[in-house]
Every structure is written in structure tokens, then in C-alpha cells.
Amino acid sequence: MKKIKKIKIKINGSFKFVKYNTNLSDLLKTLKIPLKKVAIELNQEIVDKKKLNNQILRNNDKIEIVHFIGGG
Amino acid sequence: MEAVSLKKDKFIIAGRNFKSRLIVGTGKYKSMSQCAKAVKLSGASIVTVAVRRVNITDKKKALLMDYIDPKKITYLPNTAGCFNSKEALRTLRLAREIGGWKLVKLEVLGDKENLFPEMIETLKSTEVLSREGFKVMVYCNDDPLMAKRLENAGACAIMPLAAPIGSGLGIQNQTNIKIIRKQTKLPLIIDAGLGQASDATIAMELGCDGVLVNTAIAKATKPFDMALAFKNAVIAGRQSYLSGRIQKNLMGSASSPPKGII
């Protein structure tokens, strides 16, 4: 059996291994992220939520997913 | 019945009219449901919120938006916890991305103990954010000169502190607040440091357009009652301000006429 190639990414500060050629949209679906309630950064740059499909993840990518919480 | 002078009294920030002059924070509550109930009782039309990482391991964790509907109450994204311009800009750009929020609260802190605002970074951030089309409500110290600079940099509201964040000390420098009131036509909102309802009344009587309260409600022994108290205090203070108080006199002036005394 052919071994599936994986890459290492960092998401909200934690390391995670994902399949090679995964796009950002797939990743967020797997994580069940409610897209309407979040904003996403890839390597410190904001990603347009309409273009998540185009964003293929690379090794060592850093992703931040943020939302609103209670605050003063 | 609503008082006559309050009927036509509008609270407008960046072209939008808000019903309540009380803005409340949503931090420090015991639970989301407690927070939501206190917000409701306060009558606030605007709540401040923070931008933080989504918990990707515990997806069952309640979301603020499930408790406070951003369609019904205006979310005011805040940069609390940012200590320089770069962090603050990053936070607010992300906030805008969540759902088009342009009305934001800028708060750049300079010291982890006293939580005073770092005004140089705050001013720089105000300039950048205004250029990028944000409507920036700016947390600041109670310095009239700095308030003027923020206004010139494009702030849509000036938000001086009453006292350090969460201190509950009430307005420490009424004179400065009065001077800022005199010099600006922008919405002037006291942000941070209030401890009890009467502090809000004083702010409103000084001519402020609104107050922002979090800790004083969230950490009161009875947050729901305190939320209601602040609501009434803000209305009372505004009404008092608009009603034209009497002159202060050194000597007494009897309320009953001397004529006809037996």
C-alpha cells in the first residue's frame, strides 16, 4: 500500500498533521468550524472566506482561527 | 412615561443612532447565560467583545453569538489585551473579517499592572484604522490634548477612562472630563473604572454621551440588579444633565415662602 504523504501545520498554536494537498476549506470542514462566525489567518495574512478552496496547505503553515468571546 | 427631553435626545455614533447610552462589556461573567441576561437587563444596544482563538478541540463549547444575537445587539469588537499597534491592527482586521464589523473599539494598553492606555501606539493605530475605513472608538487617558489629537486622527468617539480598568474607583478627574466635553463634539464615553451606578450618573451629569461598564456589573454580588441600576443611573444622569442644574450657592435659600409664617 502506498503511504499517504502528510504535512505538519500549526493551527491555533497546536501542531497537526494533515494529508498532502489538503486545502483550507477541507481542513475547516473536518474541524467543523462555523465559517460565518470566524475569521481565518494563514501565515499572518487574512484569508478571504470565499476563497478557501484555492488555498492548498503547505508544510509548516500557521493557521489562526478566531471568533468573538466575552470581553470588556 | 418617557420624559419630554429624552424623546428627541439621540445617541449617534458614526452616523448610527443607538437607543441606550449604556454600553456593556461581556467579560468576567460566571457563564454565558448570566452575561446574556445581564446585558438584556442593562438595556444596552452595544456590547464589547474580544477576539480570541476558537477552541478547536472542544467544539461543544458555547459561543457568545449563540447567547447574544449580533443582529439584535451591536457587537463592538475590542482590542483588549493588545500592547502595541501591530497587535491591535491585526485584531481589528480579523474582527472585520468575521462579519464586516467596521465600528470598533481600539484599546492599546501600556502597563500590565495599571492597564493604562499606551497613547502613542493608540494614536498611531487610530490613524491607520481610520485610513482603512474603520470607525474607531478610542479608549484613552483623560488628557484633553491627547483627546484632541485622537479627534484629528479620525476617531469617531473619545473614550477616556474614569480610573484604571476594573478598579471600580469612579471618575478620578472630573475637571479633565469637563474640559474634554467642552472641546469636542464627538461622542464622549467614559470607559473603564466605574464601580457603582452613581458613578455612571456623575459621568452623564458631566455631559458625557455614554458610559461603558463591564466589571462593575459582572462582578457585583447581584449582577442582574446592578445591570438594572446602571441602566437607570445613565438615564437619570442624562436627564439631569439636560434639565439644567441650579447654581451652587454658599448660603442656604429657604424652599418655603417667609410670607404668612405664624
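Taken in sequence, the protein lines are chains P and Y. For the first sequence, this note's numbering begins at 658 and goes up steadily by one. For the second sequence, this note's numbering begins at 12 and goes up steadily by one. Even glycine gets a Cβ: it sits at the ideal position worked out from N, Cα and C.
| Item | Value |
| --- | --- |
| Ser254 of chain Y - containing beta strand (DSSP E), residue span | Looking at the DSSP string, Ser254 of chain Y is not in any beta strand (DSSP E); the run it does join, the alpha helix (DSSP H), is 234 to 254. |
| Same chain, Cβ closer than 7 Å to Val245 of chain Y, neighbours up to 5 away in sequence not counted | Arg32, Leu33, Ala211, Met215, Val222 |
| Proximity of Trp112 of chain Y and Pro88 of chain Y at Cβ, strictly below 8 Å | yes |
| Three CB pairs or more closer than 8 Å across the segment 15 to 24 of chain Y and the segment 704 to 723 of chain P | no |
| Ile67 of chain Y at chain P interface by Cβ criterion, 8 Å | yes |
| Residues sharing a beta bridge with Gly727 of chain P, DSSP | Y:Val60 |
| Span of the beta strand (DSSP E) around Ser141 of chain Y | Careful: Ser141 of chain Y lies outside any beta strand (DSSP E), inside the alpha helix (DSSP H) at 130 to 142. |
| Which of helix, strand or coil DSSP assigns to Asp202 of chain Y | strand |
| Residue environment, Ala265 of chain Y, which counts as buried when at least 16 other CB atoms sit within 10 Å | exposed |
| Per-residue contacts from Val723 of chain P into chain Y (C-beta, under 7 Å) | Val62, Arg63, Arg64, Val65, Leu105 |
| Identity of the residue in Y:Val115, Y:Lys71, Y:Asp154, Y:Leu74 nearest Lys189 of chain Y by Cα | Y:Asp154 |
| Local conformation of Arg27 of chain Y per DSSP, three classes | strand |
| Anticipated Cβ contact below 8 Å, Gly204 of chain Y with Ala174 of chain Y, distance rounded | 3 Å |
| Chain P contacts from the segment 80 to 108 of chain Y (Cβ-Cβ distance under 9 Å) | Pro81, Tyr86, Pro88, Asn89, Ala91, Gly92, Arg101, Thr102, Arg104, Leu105, Ala106, Arg107, Glu108 |
| Against chain Y: residues of the segment 676 to 701 of chain P by CB proximity under 9 Å | Leu688, Lys689, Ile690, Pro691, Lys693, Lys694, Val695, Ala696, Ile697, Glu698, Gln701 |
| Any chain P beta carbon closer than 8 Å to Met76 of chain Y | yes |
| Residues of the segment 113 to 135 of chain Y whose Cβ lies closer than 7 Å to any Cβ of chain P, in chain order | none |
| DSSP beta-bridge partners of Phe22 of chain Y | Y:Phe29 |
| Straight-line Cα distance separating Ile228 of chain Y from Ala238 of chain Y | 6 Å |
| Best match in P:Gly729, P:Ile713, P:Phe725 for proximity to Lys676 of chain P [C-alpha to C-alpha] | P:Ile713 |
| Stretch pair the segment 41 to 61 of chain Y + the segment 76 to 92 of chain Y: three plus CB contacts closer than 8 Å | yes |
| Cβ pair count under 8 Å reaching 3, the segment 194 to 203 of chain Y against the segment 244 to 262 of chain Y | no |
| Leu120 of chain Y vs Cys151 of chain Y beta-carbon contact at 8 Å | no |
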